Amino acid sequence: MPSLSYLVARLLQIIPTFLLVMVFIFLLVRMLPGDPAIAMAEAKATDAQVVQIRRNLGLDQPLPVQFMVFVKNTLSGDLGRSIMMKAPVSEVILSRLPTTIFLSLYAVALAVLLAGPLAFLAAMRANTTTDVVIRGVFQVGLSMPVFYIGLVLLTVLAAQLRWFPVGGYGTTFLGNLHHLMLPALSVALYTSAIIVRNLRASLIEVLDADYVQFARAKGLTPRIVMTRHVLRNALVSTVTLLGLSIGNLMSGTLVTETVFAIPGVGRLMLEAIFARDYPLIQGLTLTFAVMVSVVFLLTDVVQSLLDPRLRKS
Amino acid sequence: MSALGHTSQRRPNRLLAFLGRAFARPSFVIGFAIIACSILLALCPQVFAPYDPLAFDMTAIQQPPSLAHPFGTDNFGRDVLSRVIWAYRVDMQMALLATIFALTIGVTAGAFVGYYGGIADTIFGRCVDAIITFPFLVLVIAIVAVLGPGLVNMYIAITMVNWVYYARLTRAEIMTQKANDYAAAGRVLGFSDRRIIFRHLLPNAISPVIVYWMTDMALAILLGSSLGYLGLGAQPPAAEWGVLISEGRNFLLTAWWMSLMPGVAIVLTGLGFSLLGDALADLLRAKGR
Amino acid sequence: MSEPRQHTVLELRYLRTEFGSRERPLIAVDDVSFSVKAGEILGLVGESGSGKSITLRSILGIVRPRGRVGGEILWKGRDLAALDEAALRKVRGREIAMIFQEPMSSLNPLLTVGLQISENLATHTDLDARARKTKAVELLEMVGIPAARNRLGDYPHEFSGGMRQRVMIAIALASNPQLLLADEPTTALDVTIQDQILRLIQSLSRDLGMAVILVTHDMGVVAQTCDRVAVMYGGRLCELGTTTQVIGDARHPYALGLLRSIPRDVAPRTPLYSIPGAPPSLSALPPGCAFTARCPVAGLECGDVRPPLAAVGQHHQVACHRRAEALAHFRQHEAAS
Amino acid sequence: MKRFLPLLLGAALGFGAATSALAIERGGSMTFARYDDSTVIDPVWADRNPDLWMITSLYETLLRNGADGAIEPGLAESYAVAGDGKSISLKLRDGLKFSDGSAITGDDVVFSLDRARNPDGPWGGLLGSVEKVTAEGGKVTLSLKQPDPTIPSILATFNTGIVSKAAFEKASGSNDQEKAKAYFDNNPVTSGPFTMKSRVAGSSMSFARNPNYWRAGEDGKSLPYLDGVDFVVIPDDATRILKLQAGEVDVAEFIPFARVGELSGDASLKMELFPSTRIIYAPINTRDTRKDGSKNPLADLKVRQALNYATDKNMLIKLVTFDTGKPMTSLMSAATQLHYGPEPLYPYNPEKAKQLLAEAGADGGLDITFTTLAGSADDATLFTALQQMWAPLGVNLKVEQVDNPTRGAKNRNGEFDIHTYGWANDVNDPAQVTGWLGYYKQRQAVGTGWNNQEFNTLFEASNSEVDPAKRKDEYKRMQEIYAAEAPLLFLYETPFAVAVSKSLENYVQTPLGANDFSEAWRAK
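Chains as they are written, first to last, in the UniProt record's numbering: chain A, 1 to 313; chain B, 1 to 289; chain C, 1 to 337; chain D, 1 to 524.
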């Protein structure tokens, strides 16, 4: 396990990042043209009402004052009330966050299941036809936009073959696995394409390494050579990539959640931006910032578990 | 001195040798061919496109692929093949302009920070973390909303976010290269920091960046098409693959070619970039950096 | 202890290893034959690309699946070339062990040294975990690792280059192999460490009666360590004999050239002799003698007819058509300088 | 809510004039796929269509909107306007009950109407003219500051839905809005045909039948026929249609017009085109100088008229609405009360357009920016078509796709030339739409900056004109002025396109957009 001081140092690093994100999102949101008052009331608020709504939301205060209020509330755990959802931001986020996390982890699991063996095959038979075919197929996953692949999957597998429900979210765990199969698959195609590229490259590099030759020369069984020596070393670099893809998946499922009608935070963020719901945008962004930082920290921990050379740093 | 100067004399034939080795690899050749054709189509679409991509033809609405219209027509009777070809101009431009500035800014920033380290490095680290933890697409959407729609603003938005990934990569590479002896040798010989960084450290650190750039260009097209789908990317009536696909989404069963054909174009271009990227990665690694 | 010295443990008969497509194969090792006795250290010398390292890897069969091994590899009477992967695997590490050149990258960076030793024991012996631990400590002490007991839990990056080479040897010897294949074990080390490692190999070979094939391109290492020497060029054997015979009385022009390029006690600043030309590429070898292109005394028949290994003395064989001219040519030069 | 006599010629109108002769079957439930989720269905605080259009399913109003636009009795069996028009009294039906069985009393009505008058709420202005609301037993009296002919329509509008005072006051929250949210979130007591059964934010919601609802169905028993309505939120049009075709839902709303033709051909579905009060138009900036100071050619009436004449509405109706829409005949939709518009405005006449431009001295070429809604296929098609239509006139039309709030902001601070907009009435009375589009003091004539003295005075007079005939003339005059002055690019009206499965009868989306499930039933 990495030293405690290393962990604490990394945790402390999240704080300045968090503060930077706070300042950054506060300004960015207020630079967006239009504001919540205009976006509300189906744009039917009269000019007088708009002024009134701005006063109620405290938007008529000078920026520094608004920022102080925002910082004071956020640090005391109060993310304010969502204007669009008319409910506390924390409540709204907590109700929809599990869906996105479930979808992201499900997608990454599928991606690893898809990419792992095929990357292995491509590496073992590098630069043969199998290798090129595998990379070609994954290339489709990497370049086809999710909103198209998603719709094709829905049309064929759900609407016509009825193997899966058409979008939506289940109630039980199994129900969710069934409901979220297609969206997870359409996201997994993209993530697995990245994993294959990276895993194949590192596998090729490891298979030529001297210690693998030495392991074979020691007469170890192929299984031990593959798992203990080859895979473990190849995984070290892929773990960082996996952490990065989980990180941006947390927010990258935005289009997928819209196409597959999944009540996740990705879609909520898009709706919040289109409604200029300042508290909700700020709350969601800070949540993403914390979650992604934690995922990156976990990746570092896993990586230092795998690779002792990183432990002492 | 000779150890340092030596590399530059042999540079010309080293490049030829490199290209020789590169063209020996099938994946490089295929990738290069695809991208070369894409650039050609992007430069002079009017030569290849059989029809005017914007001309309505109310009599030929949503006709399936035929000899007259190899890729069929869309809901305005416009020829899909011509629109896909004209879209090369927008999408290849997108692939280049959305990444080249991010690369230059990112590499310069990464190089300096990687080389000098210290306070600059920690501040840089936190800024990079802040941007990277930010949801990428959301940040681009917000910036496009602030700057206003249009391709130029989209490039600015993507560059403002994308440079971070290049900076991180370059910083890591420079840090490893910095440990090598020839960097110390440069200092001993009194080279200016700028000279050491740009004439010696960067040439060795740039290869993974180039490889990443290849895949990034493919991703830029994908990002552009997602923005197109959300209506924040290319403005109508200009043809862009993402916009074409989302225009065809409503007619998936009745006019499948409207979405499929631009989709094929995106995949093909993406394949070209990633084959180039893979081949370069293998070649540069084989050089035994 | 002399009896095991005579008994031949390994005999190669026309060993042939090729890579690439079957139609246009790259022949890395071409009809190499020699044998090694228990407790004997045979040096295998040659420039890089001469096939010396591939020969070792062919014996153990780890060139498979890309490389194809032909000819016979008689190990204690069994032909290893004919064995399938599973059977061959039982020989690797248990009866024949191998160590490599690059200590920095020959040990798995992610596993502790203790584990990398005990996995060898676990595969080839039925010792239980505790017994494996004590055996591992014994091995580390045997190869000269100080305070071995508490170094088991350490990782390779916590050892110096020389120490790592010792660890590698300990790992290789874990299951008491009768033959050690050492592929340039000291090339990456500085001279003082190199000397310690070579003396360690010699004492292990003598004490355990273990045969050793030591691959190197350094004639000094051969002179200091080996009982017999085989010189290879372009994948073929060009001279074979005892160390004193080959170093003292080399007959093959390539061997002579090699020896001439070793600095002797001559006046300072005299230019060193170096063999003209560059090592041949395996795809462009002439049918005859591989050295023809760079041989100062090459004749007409040298390029076409493959010179057989002919005996020039007791246990001393040379593969060259123009042995006399070669000897004359190099003696006359020596006299002149 | 009697079904609507089909006055309009929309393509495949799916339902007959009177209740079909089929035997009505009670029970069962239906699933409704909608484009967005409700956040708070509350008469006073709802401000998004997904909330607004659900209110009448939960809360009943004192009066109701009749089929031909007339006002009909609701919870109040009768109403009378005092001679001087300064007070209105209503007589509550007796024996009315909330969904929890408690009686609906005058106090509940006073409580609900007082809440509705809260100026902070988005709809407070509609009851601006009310002075005081009092009730004794079943008699409710509204005393007004000045005569207001719109009050009866307002009392038939969602914002005056009657809530249970006792139940509402139990809800937690520091102000009325927070109480409304808490009340809605915890199975509120309702007076309408349905009650709230359950809800999962962002994905689903379900209504249950309100056993105590006062209205009776064809078979004499109390409405609604269905036991419940389940809602599923599917934002993507294509996915929503797929779910319907897969049989997982009974109704899919907001069908893109591009799919109407295809779905009409589907045997298992009914492609309903419900008449609506929805208009698609494009406000034109009539101010003399643009925000950036440059001279605004559109300030000239002739230029605006020329652009209207140069716009082929029928071609647009074909390209954008796939022949489901019809040209605008006035500033308000044809289905709005007091509508006056004998024939479509500015029929396509390119020569006249060229001539008008020449007269305005603007035939040397015009650079105009057309601002559309990002992500809207209809807007993109509309722009592409207009660009081609106006090019021969020397108009160089550029597009600027922005998201909704940005468009709203550009409209409010005059930072636009022409931009797309839509509108659907919330109240059956024309005052809301006319005030919004034309009355300068309310919204600077929907942001166009058009300030016509005669129009403004007429509008102010009409708001306190008690005599219906005089009010009708005032509205006729206003619509004539508006048409002539053309502060908008008049485009077309579009129906609500809803696809319904064959097994479901009698679901209606009213012209005001409200989803009416009260008389829907499922054929076994």
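A virtual CB, placed ideally from N, CA and C, is assigned to each residue, including glycine.
Note that the coordinates shown come from a computational prediction; the quantities given were computed from them, not determined experimentally.
Short of 7 Å from the beta carbon of D79 (chain C), and not among the five residues preceding or following it, lie these beta carbons of its own chain, in chain order: E72, I73. Per DSSP, reduced to three states, the secondary structure at R164 (chain C) is helical. DSSP, read as helix, strand or coil, puts R199 (chain D) in strand. Sequence-distant partners of H252 (chain C) (beyond 5 residues in either direction) whose C-beta falls short of 6 Å from its own C-beta, in its chain, are C238, E239, V318, C320. A buried status is given to K243 (chain D), since no fewer than 16 other beta-carbon atoms sit within 10 Å of its beta-carbon. If you draw a straight line from the Cα of A102 (chain B) to the Cα of L271 (chain B), it is about 22 Å long.
At least 8 Å separates the CB of R309 (chain A) from every CB of chain B. Under DSSP, S87 (chain D) forms a beta bridge with D:S143. The shortest CA-to-CA distance from R199 (chain D) to any of D:L223, D:N175, D:V232, D:A246 is the one to D:V232.
Check the Cα spacing between D129 (chain B) and each of A:M291, A:L306, A:M181, A:R311: the tightest is with A:M291. DSSP places K37 (chain C) inside the beta strand (DSSP E), whose first and last residues are 26-37. Setting aside the 5 residues that flank it on each side, T292 (chain C) is surrounded in the same chain by P286, A298, C302, G303, each with a C-beta closer than 7 Å to its C-beta; the list follows chain order. What I62 (chain C) touches in chain A, judged by beta-carbon distance under 7 Å, is Q213, R216, A217, going in chain order. Taking 8 Å as the cut-off, the beta carbon of T420 (chain D) is found closer than this to the beta carbon of L382 (chain D). Closer than 8 Å to the CB of N233 (chain A) there is at least one CB belonging to chain C.
Chain-ordered, the chain A residues with CB closer than 8 Å to the CB of R249 (chain B) read F147, Y148, L151. With the rule of 3 Cβ pairs closer than 8 Å, the region 132-146 of chain B does not count as touching the region 301-310 of chain A.
Following the DSSP letters along the chain, one finds F67 (chain A) inside the alpha helix (DSSP H) bounded by residues 63-75.
In the structure shown, the three-state DSSP call for L92 (chain D) is strand. A residue is called buried once 16 or more other Cβ atoms fall within 10 Å of its Cβ, and G190 (chain B), having fewer, is exposed.
In the structure shown, the three-state DSSP call for L113 (chain D) is helix. Per the coordinates, the alpha-carbon of T122 (chain B) lies some 18 Å from the alpha-carbon of S5 (chain A). Using a 10 angstroms sphere on the CB of P64 (chain B), the tally of other CB atoms stays under 16, which defines it as exposed. The contact set of E400 (chain D) on chain B, defined by CB atoms closer than 9 Å, consists of G148, P149, G150, Q235 in chain order. At a beta-carbon threshold of 8 Å, none of the residues of chain A lie near S38 (chain D); the nearest stands roughly 10 Å away. Three or more Cβ pairs closer than 8 Å define a contact, and the region 190-208 of chain B falls short of that threshold against the region 230-238 of chain B. Per DSSP, the beta-bridge partners of Q317 (chain C) are C:L240, C:A311. For D120 (chain D), a Cβ of chain A is located within less than 8 Å of the residue's own Cβ. Between A148 (chain C) and R132 (chain C), the CB-CB gap reaches or exceeds 8 Å. Nearest Cα to N49 (chain D) within the set D:A424, D:S518, D:N210: D:A424.
By a beta-carbon distance limit of 8 Å, F194 (chain D) contacts A208 (chain D). Their separation comes to about 7 Å. Contact check between the region 359-371 of chain D and the region 331-338 of chain D: fewer than three CB pairs, one atom from each, fall below 8 Å, which does not count as touching. Under the 8 Å criterion on CB atoms, G106 (chain B) is classed as non-interfacial with respect to chain A. V63 (chain C) and R228 (chain A) have their C-alpha atoms spaced approximately 21 Å apart.
Between the alpha carbons of Y166 (chain B) and G220 (chain C) lies a gap of roughly 50 Å.
Within the model, the alpha-carbon separation for I284 (chain D) versus S464 (chain D) is close to 30 Å.
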